[in-house]
Amino acid sequence: MIKSVIAAEENACAQYKKIIKAVEGEDYVTQDLCIRLLADEEAHLVQFKGFLKEYSS
Ligand SMILES: [Fe+2]
Numbered sequence: 313m314i315k316s317v318i319a320a321e322e323n324a325c326a327q328y329k330k331i332i333k334a335v336e337g338e339d340y341v342t343q344d345l346c347i348r349l350l351a352d353e354e355a356h357l358v359q360f361k362g363f364l365k366e367y368s369s
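Right, here's the structure in full:
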């Protein structure tokens with residue numbers, strides 16, 4: 313369960329990174345939004361990696 317959440321968070325991060333690159337120099341508003349969303353997803357990733365550590369020991 314936790315591992316599938318981690319995979320989903322990693323996918324979300326990868327997608328946001330793609331969008332951030334794709335709009336570079338073209339659409340700063342979308343890029344800024346995606347950077348903020350990426351930060352949220354990276355925080356979730358850290359949180360769930362912590363849960364995994366906690367529950368697998
Ligand atoms: Fe998330």
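Sequential numbering from 313 applies to the sequence shown in my numbering.
C-beta atoms are modelled at their ideal positions from N, C-alpha and C, and glycine is treated no differently.
Anticipated Cβ contact below 8 Å, residue i with residue j, distance rounded
i	j	result
GLU321	GLU366	That pair is no contact at about 16 Å.
LEU350	ILE332	7 Å
Residue closest to residue i, alpha-carbon to alpha-carbon, out of the options
i	options	result
TYR328	SER368, MET313 and ARG348	ARG348
LYS330	CYS346, ILE318, GLY337 and MET313	CYS346
Exposed unless 16 or more other CB atoms sit within 10 angstroms - verdict on residue i
i	result
PHE373	Beyond the ends of the chain as shown, which are 313 and 369, falls residue 373; an answer cannot be given.
Cβ-heavy atom distance, residue i to ligand 1, below 8 Å
i	result
GLU366	no
GLU338	no
ALA326	no
ASP352	yes
ILE334	Here residue 334 is Ala; the residue named in the question, Ile, does not match the sequence. Answer for ALA334: no, Cβ out of range of ligand 1.
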